[in-house]
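Here's the structure we're looking at; comments come further down.
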């Protein structure tokens, strides 16, 4: 299964999960999206990015999504990540921050996160006043070190690095409660982030090349090199394998 098909399949998995929920989509209060993804779900809305624009779909009727808006963003857009009432949209040189207070009409707040701090190909997730990013030496960004980094984002336009943890070759990441899941070429790492600036490695799965993750309710949806792997994360620090899809 190639990478394009995987990116197409991830939204399908999420939509299927949403259909199976007893509660309506409208009851959702947090966003879903992978840290390297090109789509994000926030409440009744699906946000997708292409190379230059942000598209807004109303998915209140999940079987019949409706395109509500197309918003110009910039050039070389690559990723999108939801955080509270904000969208972080990464390009090849900067990260744009949009407000979705009005969900059908995203408003650009700033182009604020310097690529010298968190570069465009560094996957990022945010939790309360802390952002986590993975930086690696391989690939187009080619940094000096491969690390998991923690940032203070109380001033969202000026993130400050507070701590790092060495990892082999990290990719996407996601969190659930006090657990942070970090994808690596050599497996899946589970960190305890009760003390956010000093993550503690608690468990490692060495069964493949993990690329990105989406924690959704009590399920961890993992994009791996040859398909998808799903874990039950009812106990967030102890993921239990549900199935592998190839």
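Numbering (the numbering used here), first residue to last: 99 to 344. We treat Cβ as the ideally placed atom computed from N, Cα and C, and that holds for glycine. These numbers come from a predicted model, not from an experiment.
### Pick from 176, 330, 151, 160 that is closest to residue 167, judged by C-alpha positions
Check the Cα spacing between residue 167 and each of 176, 330, 151, 160: the tightest is with 151.
### Message
Below 8 angstroms on the Cβ atoms is my contact criterion, and I expect residue 271 with residue 223 to pass it. Report the Cβ-Cβ distance as a whole number of Å.
### Response
In this structure residue 271 touches residue 223 by the C-beta definition: roughly 6 angstroms separates them, less than 8 angstroms.
#### Entry: residue 252 burial status per 10 Å Cβ neighbour count (16 or more: buried)
Looking at its Cβ environment, which holds fewer than 16 other Cβ atoms inside 10 Å, residue 252 is exposed.
### Query
To which residues of the same chain is residue 281 closer than 7 angstroms at the C-beta, ignoring the five residues directly before and after it?
Within the same chain, 268, 269, 270, 271, 308, 309, 310, 311 come within 7 angstroms of residue 281 by CB-CB distance, once the 5 residues on both sides are set aside.
### Query
In whole angstroms, what separates the C-alpha of residue 178 from that of residue 139?
Computed Cα separation, rounded: 10 angstroms.
### Task
Note down, in chain order, each residue of its chain lying with its Cβ closer than 6 angstroms to the Cβ of residue 313, except the 5 sequence neighbours on either side.
The residues are 272, 274.
### Query
Taking buried to mean at least 16 other C-beta atoms within 10 Å of its own C-beta, is residue 323 buried or exposed?
Looking at its Cβ environment, which holds fewer than 16 other Cβ atoms inside 10 Å, residue 323 is exposed.
### Message
Helix, strand or coil, according to DSSP, for residue 155 in the structure here?
### Response
In the three-state DSSP reduction, residue 155 falls in the strand class (E or B).
#### Entry: Cβ-Cβ distance between residue 245 and residue 265 below 9 angstroms
Contact annotation: residue 245 and residue 265 have beta-carbon atoms nearer than 9 angstroms.
### Query
Comparing alpha-carbon positions, which option in 260, 200, 232, 334 lies nearest residue 300?
Here the closest residue by C-alpha is 334.
### Query
Who are the Cβ neighbours of residue 199 in its own chain at under 8 angstroms, not counting the five residues just before and after it?
Result list for residue 199: 183, 205, in chain order.
### Task
Go ahead and label residue 161 buried or exposed: buried means 16 or more other beta carbons lie within 10 angstroms of its beta carbon, across all protein chains shown.
Burial call: exposed.
#### Entry: residue 128 - DSSP class collapsed to helix/strand/coil
Any reading at residue 128 needs caution, since the residue's pLDDT is 43, under 50, leaving its predicted position unreliable; the model's value is listed next. The answer is coil: DSSP assigns residue 128 none of H, G, I, E or B.
### Query
Does DSSP put residue 322 in a helix, in a strand, or in coil?
In the structure shown, residue 322 sits in a strand (DSSP, three-state: E or B).
### Task
Would you kindly work out how many angstroms separate the C-alpha atoms of residue 137 and residue 195, rounded to a whole number?
Whole-angstrom Cα-Cα distance: 15 angstroms.
### Task
Under 6 angstroms Cβ to Cβ from residue 260, same chain only, skipping five residues before and after it: list those, please.
Here the set comprises 248, 250, 295.
### Task
Look at residue 169 and residue 153 and say whether their C-beta atoms are less than 9 angstroms apart.
Yes, the Cβ-Cβ distance between residue 169 and residue 153 is below 9 angstroms.
#### Entry: Reference residue 63, options 302, 325, 174, 203, closest by Cα
There is no way to answer for residue 63, as the model of the chain reaches only from 99 to 344.
#### Entry: Contact check, residue 304 vs residue 285, beta carbons under 9 angstroms
Result yes, Cβ atoms of residue 304 and residue 285 sit closer than 9 angstroms.
### Query
Can you give, in chain order, each stretch of the beta strand (DSSP E) that sits fully within the stretch 264 to 309 and has at least 3 residues?
Listed in chain order, they are 268 to 274, 277 to 282, 285 to 290, 298 to 303.
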